[in-house]
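Asks: Per this note's numbering, the sequence shown starts with residue 62, numbered consecutively.
Even glycine gets a Cβ: it sits at the ideal position worked out from N, Cα and C.
Quick caveat, the model's predicted, so the values are computed rather than measured.
Okay, here's the structure, questions in a sec.
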Amino acid sequence: MNDFSLFVGLRYAGARRRTQLVSFISGLSIVGLMVGVGLLLTVLSVMNGFEKELKDRILGILPHGAIYHRHGVEDWRATRNVLEENSEILAAAPFVELQGILSHGRKVKPAGLYGIDVDAESRVSMVSSFVDPEALQKLKLEAVSTTSAVAGKGIILGIGLAKSLQADIGDKITVLVPSSQGGRSLPKFQPLTLLGVIESGTELDHALALISLPVASKLSDFPGRVSGLRVKTLDLFEAPTIIYEQVKNMAYGYYGSDWTRTHGNLFHAVQMSKNLVGLLLFLIVAIAAFNVVSTLVMVVVDKQSDIAILKTLGASRQTIMAVFMTQGCVIGALGTFLGVGFGVVGSLYAQKLVVWMESLLSVRFLNAEIYPVNYLPSQMQLGDFVLVAGVSLAMSLLATVYPAWRASRVAPAEALRFE
């Protein structure tokens, strides 16, 4: 491509057409590319946001992994020291895991009950980021004082769970924990005071309840022991391997679990949705890019006499091809870069747009009981923008080849016959 081809191609890209239809089709190609690229980038940013929130919120509250003992861990501090000797385990914290039923008035709800040591838990999870510090302080007080007014009486519920029970801070919640030993063992009851709520904006808000470690231990089948230790690993995605290798080196009775067993399917579903939606929108971008073909074919028909004159003046076929490829690339580049701008705006304001539509239509699009989070997250990634823009430009360039070749084959005598 020489300067002459570039100059003429740019002139053609900005020139007025002889027919309004050509101008309309050209504008439609630009708008199609802009919308396709913009929507693709917005959707990719939203899927990135879901993936990030899954890691930061759900996997921030739940452990990367957990190590249990069949009969409970008696000396959890010694076990914690053993675990933290592993360089791939950042921290470990004791917990008691129970399944129970909560009641308040006539409302009854099942819940997962977790007894935690507040100080140790803060090293393995981000639960403190979603709970009132005062409520956590009261829960912490239970573990160190048996004479405190709040000792043995506190519980923190997910906000969705608290709303389902119609319970407010300070209300009495009755906890019923069935025995897992079978036989004639009776279920255990414990009245607790609601100290605060967990507000993470995720599905955990509807199923999680926190109590102090001593209270949970008394309600369990192994009083005085803990179910196991939750661990935070150096690499989230290596957690299954780290837990497996650690358990292999421990005494008989220990076994492990990791986040891929509880939320792995959700993580893979987000990844699969991102790939499938991305593929579908890439096809839309491809269709929009190849609209450039119809635009340039019509331009070639519109510019028959111009092509003939250029050829008469000595322009080669390669020069004519370069002229129309330049024009097509200008259309593709304009649509692509407008689409990138649209994608940036869409990614930044997607959450606000959904909130506005929910208030306008009085409809809840995202419910944490169904979806991982109750809002629309978004995270822009430079790699996505570069990839989408690059592919869009490449497809636009490819779409110019056939019309440019057609233009280079125009016969001057035939084109000028009726001029």
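1) Rounded to a whole number of angstroms, what is the C-alpha to C-alpha distance between P438 and F156?
2) Consult DSSP for H130 and reduce its assignment to one of helix, strand or coil.
3) For P194, name the three-state secondary structure that DSSP assigns.
4) In angstroms, rounded to a whole number, what distance separates the CA positions of S225 and A172?
5) Let me know the secondary structure DSSP gives A438 once reduced to three states.
6) Of all the options S278, D229, A277 and P239, which has the alpha carbon lying nearest to the alpha carbon of G257?
7) From what residue to what residue does the beta strand (DSSP E) around A481 run?
8) Taking all protein chains shown into account, decide if T373 is buried (16 or more other Cβ within 10 angstroms of its Cβ) or exposed.
9) For Q227, does the three-state DSSP call read helix, strand or coil?
10) Looking at the secondary structure, which residues open and close the alpha helix (DSSP H) in which D180 lies?
11) Does DSSP put V185 in a helix, in a strand, or in coil?
12) Tell me the rounded alpha-carbon separation between L100 and L342.
13) Quick check on V424: does DSSP put it in helix, strand or coil?
14) DSSP state of V471, grouped into three classes?
15) With M138 as the anchor, note down where its alpha helix (DSSP H) starts and where it stops.
16) Have a look at F191, D178, V92 and N326 and flag the residue whose alpha-carbon is nearest the alpha-carbon of G289.
17) Of all the options F385, P275, A152 and L448, which has the alpha carbon lying nearest to the alpha carbon of T294?
18) Assuming V346 and G126 form a contact by the criterion Cβ under 8 Å, report the distance between their Cβ atoms to the nearest whole angstrom.
19) Among V236, V169, V447 and Y315, whose alpha-carbon lies nearest the alpha-carbon of G176?
20) Following the continuous alpha helix (DSSP H) through F485, name the residue where it begins and the one where it ends.
21) Determine the direct distance from the alpha carbon of A450 to that of G407, and round the result to whole angstroms.
22) State the Cα-Cα distance for the pair V481 and K249, rounded to the nearest angstrom.
23) Hey, how far is the Cα of V471 from the Cα of S377?
24) To test your reading of the DSSP string, which unbroken beta strand (DSSP E) runs of 3 or more residues are found completely within the stretch 389–414?
25) Among the candidates R167, A223 and P124, whose CA atom is the shortest distance from the CA of S183?
26) With a floor of 4 residues, list each alpha helix (DSSP H) that falls wholly inside the stretch 289–326, ordered by position along the chain.
27) For a test of the three-state rule: what should DSSP assign to G176, helix, strand or coil?
Replies: In terms of the structure at hand:
1) 31 Å
2) Strand at H130.
3) helix
4) 11 Å
5) Correcting the residue type first, residue 438 is Pro in the shown sequence and not Ala. Coil.
6) D229
7) Within the shown structure, residues of the chain are numbered from 62 to 480, placing residue 481 beyond reach of any answer.
8) exposed
9) DSSP, read as helix, strand or coil, puts Q227 in coil.
10) V179 to E182
11) coil
12) 7 Å
13) coil
14) Under the three-state reduction of DSSP, V471 is assigned to coil, being neither helix nor strand.
15) A quick correction: the sequence has Arg, not Met, at residue 138. Per DSSP, R138 belongs to the alpha helix (DSSP H) from W137 to E145.
16) D178
17) Of F385, P275, A152 and L448, the residue nearest in Cα terms is A152.
18) In fact, because the Cβ distance is near 40 Å, the residues do not count as touching under 8 Å.
19) V236
20) There is simply no residue 485 to check, as the chain begins at 62 and stops at 480 in what is shown.
21) Note on geometry: alpha-carbon atoms of G407 and A450 lie some 16 Å from one another.
22) No information on residue 481 is available, as it lies outside the stretch 62 to 480 that the chain covers here.
23) C-alpha of V471 to C-alpha of S377: approximately 11 Å in a straight line.
24) none
25) It is P124.
26) 300–309 and 320–323
27) strand
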